[in-house]
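Structure first, commentary second.
Residue numbers (the numbering used here), protein chains in the order written: chain A, 1435 to 1993; chain B, 91 to 753.
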């Protein structure tokens, strides 16, 4: 086939798909591949999608066949589709449905139906699966209800994704009506993409839907999508989030935008242990236990509420023990929400297989162009190490080098300079090291929030920041996630957790709520000619792959 | 006087008169050779004669005639090479000799066979056809030809260069790919160089290609290092030519030969009709017709198939669409995408020089349909050492994102700030130090004082420095010298320019099938039965009858009237089967007359073999005789037991006897 430069896709032999965003049919091609390919990165010219087994099985579960997938690729591909990609698609899709999970008369047991004998034998011989399967007839195994998630995950790992036909539990019914005018008095309605995301998750209640992950940028309204899903599911809901402040934000949002009675919303944190039709809990309280070997006493919450829906906010932070319990509650609808499904422990796959596959995803820059999130301008400011620190730096080990570079005192006057340059902005100064943050807070005379700050004081400072009484706050990593500070328009990152891409993106996310025509500014201060440069480059990868560009400048000591 | 007449005049009298007598009967005295030549000319100009001559030409002869007509120098060796065993050397010799006797061919002034000018035009229009000679066979295009294509391309070369800059030791001492390199290759080139035997062998081939072109140097330790200057040279060539060189390099012994082979492939591919396939013999013939000097051996065709330049399906070679596309591609700078995340992607063919330069500046991430590179600190710094700043290059490629420009500038600044330089260190006594410091020659050499009595000079200046010191009356001991690391760099552009001027625009034979109306119709070769019957009715002695019968077999008798002339002196030229004495006599006569022999015999394994040889002597071995001679055309010594010979034929039944001198 002769190449057709007007086509937007280049299908690579390794299964990735490049989308030339400047090609005439780029938008159409992007929509066409969305059902079976996952967006991996979206820099300014060439976006990368990945066709993975999981993305193909998700497509298959939505009724898409291999022939349609290949035809779609051929239709939009600049070059012919590599033979190995075709055959991989055909082979992978053909595996979907070889194994099905069905309900039985026993409410605590399920049937794993495997009509093909060779597959049945393979599963029976698999050491990871053996202990969960017991023969239950010529073509099936019995599976305990609590093992449903674990078995499904193992099946995915060995390449036999289960078509899960066992119904999900409905949970206790609860009407969650969305308001048209929010409690704050502002008009409220779902944006198109929020509604689309909620519907993509809910799937009309058909088999194979009702569990999955929605990936959207910070500030795009994931909480609202959660509420939209609650509205569609109309059942008791358990919401898990990262910290107490986030718990309160969820509760406030629910009260502001739904007609739910305040009495029906409970807080389950270190401070309160309320279980109500809608309960908002922290991950920390769930994984708390008296001693390292003891049981997790608060896991009981999963069984006590007759939940029809569990929402995992910031699902990329899901702690390992919660993975385990999630594996046991596969009969409940599960919604994962995240901006950055990037785990430095590479457990993204576990999120997909236990919480559910990615159901919705929009490039950050697309929402920015439509005005749904603020346009962010990113700067990296390079500052030199002071002369008297250079020798210490030169002889330090790598870890210590990073610490020296991160805590470079030259950053402090730079922070002050930026704060002075942006007198109109609400500013967050975010860092990793408390000593450094103390110094900065003292230098610019701003309140400081760290892990040691009592929750009440945090709430107070956040409140003052929201209502404009405080223009600048200095925060440690406690503000990395799930803190809604809608007016924050500028963030100064003075240090971070090595090369964490997720942390960088989340910190940028703090300032992405749209603010009329104002831009958001993200400054990252990095010590010049130190290991911090390399870590900074790695941290920025997620965002540059989302199409953000960093303007890099070298500032002298005088700022 | 025309060429035909000149040829006849050059013939020896015995050959000339044998010809004359065969076709026109005994000459009348007084003999005037010019008059006889005119008679022969008139005879061979008659339509009736021409028709008869043509009616005898069979398919095998048609191919010989076409080759003689097409090859610039159709000597026997060239024809043997051209036909590559089908027909073999002996048959070619016999056919040539016979076609000369039949006046279909003549020899030119340099002894090379040519079509008889009297009938050449008609031979071309009625008998021969280039297309028929090469035999492109039309067929449905198969999916395989659409999918296949050359994998050794400019893009791959770029990816490999980038890979090799960082891969360390690639091969073990035994030549196998090291495990670490194999894994790295599997990661960066998953489709081509997977960690299996096929991937490994393909990688070795790719390295061989680069090595042949002088683009990399491979040492005994298994290191493969890009030679930057050669890449720069090659980058001056057009995209089409670089690809051709990448395909022809493993087929050739030198860069010059690779250029010639590449040129031939280029011409052949341009002439290759769409939707047609060619068997290997046809392929080699086509190559020789374009450029007789180009050697395309069987192994070379295998290589072209291995490289994906050609596809072989059911013993037929196809030119994949992708190969045509590569050659027809116009590189475009917009096919290079440079993004703020430091990625560089080639979405299609980039301009060669830019692509090569980028391959030096970037690291390969993944080689695929669209190769994917990344700018890193180490790649930019390394490139800075060898080529200077990458910024002009990158700015020429695309609007450079600010962060990319900043980072690249910073990295280059860093490369400048601390450098490990190769240099020549001169350490001298106090007295010599004063002389060195004061000498303008030393200053010209770039002397740089770096300490007491220690001077630094540029790398490679040791010899000049030594000479300069000698001139100053100072004897220096050169403790270590390092030769110029650069090997002979092929001057691709200069070579290509030469070819452009001399041969690129040469006219090459076309292989397009002739239109139906002019395509020579399938002809029925005339049967000699009527001549045999006529001979039966004549009263000739046994010798004359045998000779005439042989001439009928050899198509020298065009009309029954020729049978009236009993050709005297016809010696027995063939013996077969149990006629042991006959065979011995023929061999003896061949040795005496220095004639060639064609022998069919059973080889050691009992399989029949046919050779052409020049017999030298006949020895007794036990109760048998052994003929010793030299095989034609390779001159290899042969020994054949007479008892093993089933047929022996001496080339004396020919009318013209001097062909061997004129080969």
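Note that CB positions come from ideal geometry on N, CA and C, so glycine has one too.
Item to check | Sequence-distant residues of the same chain with beta carbon closer than 8 Å to residue 1978 of chain A, five excluded per side | outcome: Around residue 1978 of chain A: 1477, 1984.
Checklist entry - Taking the C-alpha atoms as reference points, what is the distance between residue 684 of chain B and residue 676 of chain B? => result C-alpha separation (whole angstroms): 12 Å.
Item to check | Counted within 10 angstroms of its Cβ, other Cβ atoms place residue 393 of chain B as buried (16 or more) or exposed | outcome: Burial check for residue 393 of chain B: the Cβ neighbour count within 10 Å reaches 16 or more, so the residue is buried.
Checklist entry - Is the segment 1862–1874 of chain A touching the segment 92–103 of chain B, taking contact as three or more C-beta pairs under 8 Å? => result Between the segment 1862–1874 of chain A and the segment 92–103 of chain B there are fewer than three C-beta pairs closer than 8 Å, too few to call the two in contact.
Item to check | Nearest-angstrom beta carbon gap, residue 242 of chain B and residue 336 of chain B [assumed within contact, 8 Å] | outcome: About 5 Å separates the two Cβ atoms, so the contact holds.
Checklist entry - Can you tell me the Cα-Cα spacing of residue 654 of chain B and residue 625 of chain B, whole angstroms? => result Approximately 9 Å between the Cα atoms of the pair.
Checklist entry - residue 1542 of chain A and residue 1491 of chain A look like a contact to me (Cβ under 8 Å); what is the Cβ gap, rounded to whole Å? => result With 8 Å as the limit, residue 1542 of chain A and residue 1491 of chain A do not qualify as a contact, their Cβ atoms being about 27 Å apart.
Checklist entry - Along chain B, in chain order, which residues have C-beta atoms closer than 8 Å to that of residue 1448 of chain A? => result Annotation: Cβ neighbours of residue 1448 of chain A in chain B (cutoff 8 Å, chain order): 280, 281, 456, 458.
Item to check | Member of A/1944, A/1571, A/1802, A/1972 whose CA lies at the smallest distance from the CA of residue 1920 of chain A | outcome: Comparing Cα positions, the closest option is A/1944.
Next on the checklist: Against residue 1818 of chain A, what residues of chain B qualify as contacts under a CB-to-CB distance less than 7 Å, listed in chain order?
Outcome noted: For residue 1818 of chain A, none of the residues of chain B pass the 7 Å Cβ criterion, the least Cβ distance being about 12 Å.
Checklist entry - In the DSSP assignment, what residue or residues form a beta bridge with residue 197 of chain B? => result DSSP output for residue 197 of chain B lists B/203 as bridge partner(s).
Checklist entry - Which one of A/1641, A/1741, A/1787 has the shortest CA to CA distance from residue 1766 of chain A? => result Residue nearest to residue 1766 of chain A within the set A/1641, A/1741, A/1787 is A/1741 (criterion: CA-CA distance).
Next on the checklist: Give me, in chain order, the residues of the same chain whose beta-carbon lies closer than 7 Å to that of residue 1675 of chain A; leave out the 5 immediate sequence neighbours on both sides.
Outcome noted: Here residue 1675 of chain A has 1681, 1684, 1714, 1716, 1747, 1748, 1916 as same chain residues with Cβ atoms under 7 Å from its own Cβ, once five neighbours each way along the sequence are excluded.
Checklist entry - Taking the Cβ atom as the reference point for each residue, do residue 204 of chain B and residue 158 of chain B lie within a distance shorter than 8 Å? => result Yes.
Next on the checklist: On a Cα-Cα basis, can you pick out the residue from B/525, B/468, B/530, B/526 that is closest to residue 503 of chain B?
Outcome noted: Out of B/525, B/468, B/530, B/526, B/468 has the C-alpha closest to the C-alpha of residue 503 of chain B.
Item to check | For residue 704 of chain B, the three-state DSSP class (helix, strand or coil) | outcome: The three-state secondary structure of residue 704 of chain B, taken from DSSP, is strand.
Item to check | Per DSSP, cross-strand counterpart(s) of residue 1545 of chain A | outcome: As DSSP reads the structure, residue 1545 of chain A sits in a beta bridge with A/1536, A/1576.
Item to check | chain B within 8 Å of residue 1951 of chain A, Cβ atoms only | outcome: Taking Cβ atoms only, chain B never reaches closer than 8 Å to residue 1951 of chain A, which makes this a no.
Checklist entry - Out of curiosity, what's the CA-to-CA distance linking residue 1642 of chain A and residue 457 of chain B? => result Those two C-alpha atoms are separated by around 37 Å.
Next on the checklist: Pop quiz: residue 153 of chain B and residue 189 of chain B are said to be a contact at Cβ under 8 Å. What is the actual Cβ separation, rounded to whole angstroms?
Outcome noted: Rounded, the Cβ-Cβ distance is 12 Å, inconsistent with contact.
Next on the checklist: Once DSSP output is grouped into helix, strand and coil, what is the label at residue 1491 of chain A?
Outcome noted: DSSP places residue 1491 of chain A in helix when its eight states are reduced to three.
Checklist entry - CB-CB under 6 Å to residue 340 of chain B, same chain, minus the five flanking residues each way: which ones, in chain order? => result Around residue 340 of chain B: 298, 299, 393.
Checklist entry - Mind checking residue 1555 of chain A: buried by the 16 CB within 10 Å criterion, or exposed? => result Burial call: exposed.
Checklist entry - Given that residue 433 of chain B touches chain A, what residues does it touch there, using C-beta distances under 8 Å? => result The contacting residues are 1477, 1480.
Checklist entry - Applying the criterion that 16 or more other CB atoms from any shown protein chain within 10 Å of the CB defines a buried residue, is residue 1561 of chain A buried or exposed? => result Exposed is the call here.
Checklist entry - In angstroms, rounded to a whole number, what distance separates the CA positions of residue 607 of chain B and residue 213 of chain B? => result Model confidence at residue 607 of chain B stands at a pLDDT of 39, short of 50, so the residue's coordinates are unreliable; what they give is reported in the following sentence. C-alpha of residue 607 of chain B to C-alpha of residue 213 of chain B: approximately 15 Å in a straight line.
Checklist entry - Skipping 5 residues on each side, what residues in its chain have a beta carbon closer than 6 Å to that of residue 1956 of chain A? => result For residue 1956 of chain A, where only same-chain residues beyond five positions count, the Cβ hits under 6 Å are 1810, 1812, 1925, 1942.
Next on the checklist: Taking the straight line between their C-alpha atoms, what separation do you get for residue 442 of chain B and residue 328 of chain B?
Outcome noted: For residue 442 of chain B and residue 328 of chain B, the distance between alpha carbons rounds to 7 Å.
Next on the checklist: Please list, in chain order, the chain B residues whose beta carbon lies closer than 9 Å to that of residue 1473 of chain A.
Outcome noted: Correct list: empty, because the minimum Cβ distance to chain B is about 14 Å.
Next on the checklist: Does any residue of chain B have a CB that is nearer than 8 Å to the CB of residue 1714 of chain A?
Outcome noted: No, residue 1714 of chain A does not count as interfacial toward chain B.
Checklist entry - Just reading off the alpha helix (DSSP H) that residue 248 of chain B is part of, what are its end residues? => result Note, residue 248 of chain B: alpha helix (DSSP H), 244–254.
Checklist entry - What in chain B is Cβ-close to residue 1975 of chain A, meaning under 7 Å? => result Within 7 Å Cβ-Cβ: 431.
Checklist entry - Can you name the residues of chain D whose CB is closer than 9 Å to the CB of residue 437 of chain B? => result Of the protein chains in this structure, namely A and B, none is chain D.
Checklist entry - From B/372, B/390, B/366, B/369, pick the residue whose C-alpha is nearest to that of residue 352 of chain B; which is it? => result Checked all of B/372, B/390, B/366, B/369; the closest Cα to residue 352 of chain B is B/390.
Checklist entry - Nearest-angstrom Cα distance between residue 412 of chain B and residue 422 of chain B? => result Computed Cα separation, rounded: 18 Å.
Checklist entry - Per the contact definition of three or more C-beta pairs closer than 8 Å, is the segment 1955–1970 of chain A in contact with the segment 1660–1678 of chain A? => result The segment 1660–1678 of chain A vs the segment 1955–1970 of chain A: no contact.
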